[in-house]
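Heads up, the sequence shown is in this note's numbering, so the first residue is 7 and it goes up one at a time.
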Amino acid sequence: MKFHRAPDTIQKLSLLDDSTTFEPAGDQPRTESSAKRANQLPCISNVSTPKGAVPMMKTMITTACERNCFYCPFRAGRGKTQRVTVKPEELASTFDQYQRAGIAKGLFLSSGIIKGSVTTQDKILDTVEIIRRKYQYDGFIHLKIMPGAEYDQVYRAMELADRVSINLEGPTQERLNALAPKKDFAGELLQRLAWAHQIRQSGVRASSVTQFVVGAVGDTDLELLSISEKLYRQMGLTRAYYSGFHPVADTPFENLNPTIPIRELRLYQSSFLLRDYGWSVEELPFEASGSLRLDVDPKRAWADIYLRQSPVEIMHATRDQLMRIPGIGPRSADTILKARRQRRLTDISQLRALGIHAPEQTAPYILLNGHQPPIQLSLF
Ligand code: SF4
């Protein structure tokens, strides 16, 4: 495919290619940066969505920034960062060509902050106005809301986009101060998440997500999941992203250790228990330090404490009780409820036939027809 824009737009986008590596847009954040070079054009990542993986254009308006977040490669004064700025019309035009060629099936647009948050947010909105109005694109768009953006800008962003990100970065003001000294947790960030909730209640459909930088400044899992629960319950948050800290050279945090990936995984597993399984944060099995166990997933850690001595009778359990059992999620619980109306479930092979992938791992926590199923020990 030939691109009609001046080649310097593609050249600029090439310099922006890795700029959104740490900004997730889809369901499986850790895979987003790895698949992007399938077609040689810059700023394309394969993003996992409920409809499967789609190629998405992920980029920024500018890599210049007047703020100084300690972990960020775009922070003011960092010499190693090449500063690149793309104008709304050239970005919109390139996206239009990408999407008409089938190279991109969605857009994620972020930015560093230049000339204040309001001016920067206007550049993001201008870009998307052109994409929606001039190029008549009606597919998926995910926009970043700048800290301190105005109410009307958040409203317009939510009218234009399918999803907006308002990144809290830290779970409390104290943790945020240690990460990003120029950001105001309540005034600049939490308030925008509350506005997004309010705007959605007025009938605007866009969802809202947030992101935390995990593990750089002593933040605990308890802190991260407590604020996540509040956002799910009180502000209708669609998803919290937990991005393990990675040190960036030539930043104040360059000598800190990276966060181990398993911590991210345990946070996501716990976050889904809060969001999709109706758990409260008090039920999660934290250690005294406020950390989750890394060696076992949180649902199994909870079940080891509460279900091993009091296993759940599969024939009588409620849907909520079934979903407390390791290996049984909402869909499996519904399948079991339906199946047991038709026949007694007395054997573990019946659970396998119902689609429960590893019923032997479920066995320690259940009774089938009053009996604990035999637990097969692994030979290895
Ligand atoms: S405001 Fe955003 S782009 Fe700027 S330094 Fe902070 S995290 Fe980086």
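All C-beta atoms in this analysis are idealised placements derived from N, C-alpha and C, irrespective of residue type, glycine included.
Here's a check: name, in chain order, each residue in its chain whose Cβ is nearer than 6 Å to the Cβ of residue i, leaving out the five neighbours to either side.
i	result
Q17	none
P379	I354 and A369
S213	R169 and T244
T15	E96 and T100
E319	L373
S277	S234 and A246
P177	D225, E229, L230 and I233
Q179	F191
A309	P332 and Y371
R306	P332
T133	P94, L97 and A98
Going along the chain, which residues of its own chain have a beta-carbon closer than 8 Å to the beta-carbon of residue i, five neighbours each way excluded?
i	result
I120	T68, A70, C71, E72, T91 and T126
L328	V318, I320, I334, S338, A339, I342 and L343
K188	R73, N74 and C75
Out of the options, which one is the CA nearest neighbour of residue i?
i	options	result
S249	E260, R239 and I268	I268
T87	V223, N74, N173 and L97	N74
P30	S54, L22, T257 and L262	S54
T65	G112, T257 and K57	G112
R181	E235, Q142, I136 and L230	L230
N173	F292, V215, H203 and L374	V215
A167	G154, G176 and L149	L149
P332	A345, R350 and Y312	Y312
P153	F146, L196 and V134	L196
S295	I137, A339, P253 and D227	D227
E260	P48, F76 and Q34	F76
D282	G242, P264 and P258	G242
Y104	F80, L328, C49 and Q356	C49
P79	P187, G118, D340 and I147	G118
K140	S171, F146 and D102	D102
S297	S316, R314, L115 and R272	R272
L185	S171, R138, H377 and P253	P253
G145	R84, R198, H203 and K57	K57
T265	P336, L21 and V219	V219
D326	W201, E293, Q315 and W285	W285
D33	L21, S20 and A59	A59
Which residues mark the beginning and the end of the alpha helix (DSSP H) in which residue i is found?
i	result
N173	That residue, N173, is in no alpha helix (DSSP H); it is neither H nor E in DSSP.
Y161	Y157 to L166
L262	Careful: L262 lies outside any alpha helix (DSSP H) and carries neither H nor E.
A336	Residue identity differs from the one stated: residue 336 is Pro in this sequence, not Ala. Where P336 is concerned, the enclosing alpha helix (DSSP H) stretches over P336 to Q348.
S234	D227 to M241
N183	Q179 to L185
D102	P94 to R106
I311	P304 to Y312
W201	Q197 to Q207
A359	I354 to A359
D144	From DSSP, D144 is part of no alpha helix (DSSP H); its letter is neither H nor E.
L298	Where L298 is concerned, there is no enclosing alpha helix (DSSP H), given that its DSSP letter is neither H nor E.
S277	P267 to D282
D326	R325 to M329
E366	P365 to T368
Buried or exposed for residue i, going by 16 or more other Cβ atoms inside 10 Å?
i	result
H363	exposed
A192	exposed
Y143	buried
Y157	exposed
D128	buried
I136	buried
T324	exposed
E175	buried
D301	exposed
P35	buried
I147	buried
Q217	buried
I130	buried
P304	buried
Which first and last residues belong to the beta strand (DSSP E) in which residue i is found?
i	result
N52	I50 to T55
I137	Careful: I137 lies outside any beta strand (DSSP E) and carries neither H nor E.
R245	R245 to G250
P61	G58 to M66
L115	L113 to S116
T216	S213 to V220
K150	I147 to K150
Leaving out five residues before and five after residue i in sequence, what residues of the same chain have Cβ atoms less than 7 Å from its Cβ?
i	result
A82	C71, E72, R73 and N74
I205	V160, Y161 and M164
A41	With a pLDDT of only 48 at A41, under the threshold of 50, the placement of this residue in the model should not be trusted; the figure read from the coordinates follows. Cβ neighbours of A41 beyond the five flanking positions: S51 and N52.
L280	L231, S234, E235, Y238 and V287
M321	R346, R350, L351 and N375
S123	M152, P153, G154 and A155
I109	N45, L47, I50 and P61
S116	T26, E29, M66 and K150
H377	none
Give a single yes or no on whether residue i has its beta carbon closer than 6 Å to a heavy atom of the ligand FMN.
i	result
C71	Ligands present in the displayed structure are limited to the ligand SF4, and the ligand FMN is not among them.
When you compare the CB of residue i with every CB in chain D, is at least one pair closer than 7 Å?
i	result
L313	Of the chains in the structure shown, none is chain D; there is only one protein chain.
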